[in-house]
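Here is the structure we will look at.
Residue numbers (this note's numbering): 381 to 573.
Structural data, given as structure tokens:
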């Protein structure tokens, strides 16, 4: 895993850059703090949407048996809500795990590099010398997150939930092991101006 990470980040380096640290976020399907709210909401949403769809389809089928007019608009109207419900119940965990599985982090003597993407490769590069706002969050198991840039106090609500229009979440090294050591290394590089 470490070798693969080094290979991915190495491709992004300039000829004068020196790789100091590479890593990846915690892998696999996992629960986050926002799930305490999202799981009950997603079950209610998905449950109602599926109930609506079943009732609408039953109504259409009964109407067709009796020879009466069938109103297909209700089952069609319910399809997007069922899709959103299924994404909230199951899909967001799979998308989050896949997104983290395709994410690689690197620290060089000049830059912070984040390589990620589900359907296409995205490379985020930050000049390490000009970063002014770096935030560290560390858990008891020494895993944590380093955020680069100003953070919205409500960003935790969107953690692991990839949805269009969520807004600007600052670049971050998310759920990395030994986060304090990486944070200290970044601060050391910054002080060596």
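All C-beta atoms in this analysis are idealised placements derived from N, C-alpha and C, irrespective of residue type, glycine included. Note that this is a predicted model, so its numbers are computed, not measured.
Residue(s) in a DSSP beta bridge with residue i
{"i": "residue 526", "result": "516, 553"}
{"i": "residue 493", "result": "486, 505"}
Which listed residue (the options) has its alpha carbon closest to that of residue i
{"i": "residue 504", "options": "564, 467, 472, 549", "result": "549"}
{"i": "residue 564", "options": "501, 515, 428", "result": "515"}
{"i": "residue 419", "options": "486, 507, 437, 467", "result": "467"}
{"i": "residue 435", "options": "422, 423, 453, 502", "result": "453"}
{"i": "residue 405", "options": "487, 501, 521, 483", "result": "483"}
{"i": "residue 531", "options": "393, 551, 386, 518", "result": "551"}
{"i": "residue 422", "options": "558, 472, 497", "result": "472"}
{"i": "residue 431", "options": "465, 411, 398", "result": "465"}
{"i": "residue 502", "options": "386, 392, 387", "result": "392"}
{"i": "residue 426", "options": "395, 462, 415", "result": "462"}
{"i": "residue 527", "options": "485, 520, 497", "result": "485"}
{"i": "residue 480", "options": "386, 569, 410", "result": "410"}
Inter-residue Cα distance where the pair is residue i and residue j
{"i": "residue 499", "j": "residue 445", "result": "45 Å"}
{"i": "residue 490", "j": "residue 478", "result": "29 Å"}
{"i": "residue 512", "j": "residue 529", "result": "7 Å"}
{"i": "residue 384", "j": "residue 437", "result": "49 Å"}
{"i": "residue 518", "j": "residue 508", "result": "21 Å"}
{"i": "residue 457", "j": "residue 522", "result": "47 Å"}
{"i": "residue 442", "j": "residue 451", "result": "11 Å"}
{"i": "residue 566", "j": "residue 558", "result": "13 Å"}
{"i": "residue 397", "j": "residue 414", "result": "38 Å"}
{"i": "residue 433", "j": "residue 460", "result": "10 Å"}
{"i": "residue 395", "j": "residue 561", "result": "26 Å"}
{"i": "residue 571", "j": "residue 424", "result": "51 Å"}
{"i": "residue 497", "j": "residue 429", "result": "30 Å"}
{"i": "residue 386", "j": "residue 568", "result": "21 Å"}
Assumed close pair residue i, residue j - CB separation to whole angstroms, cut-off 8 Å
{"i": "residue 408", "j": "residue 556", "result": "Actually they do not touch by this definition, with Cβ atoms about 14 Å apart."}
{"i": "residue 553", "j": "residue 525", "result": "7 Å"}
{"i": "residue 495", "j": "residue 400", "result": "With 8 Å as the limit, residue 495 and residue 400 do not qualify as a contact, their Cβ atoms being about 16 Å apart."}
{"i": "residue 440", "j": "residue 455", "result": "6 Å"}
{"i": "residue 493", "j": "residue 389", "result": "6 Å"}
Residue i, DSSP secondary structure in three states
{"i": "residue 404", "result": "coil"}
{"i": "residue 399", "result": "strand"}
{"i": "residue 571", "result": "helix"}
{"i": "residue 364", "result": "Beyond the ends of the chain as shown, which are 381 and 573, falls residue 364; an answer cannot be given."}
{"i": "residue 384", "result": "helix"}
{"i": "residue 499", "result": "coil"}
{"i": "residue 427", "result": "helix"}
{"i": "residue 531", "result": "coil"}
{"i": "residue 443", "result": "helix"}
{"i": "residue 392", "result": "coil"}
{"i": "residue 559", "result": "helix"}
{"i": "residue 437", "result": "helix"}
{"i": "residue 452", "result": "coil"}
{"i": "residue 511", "result": "coil"}
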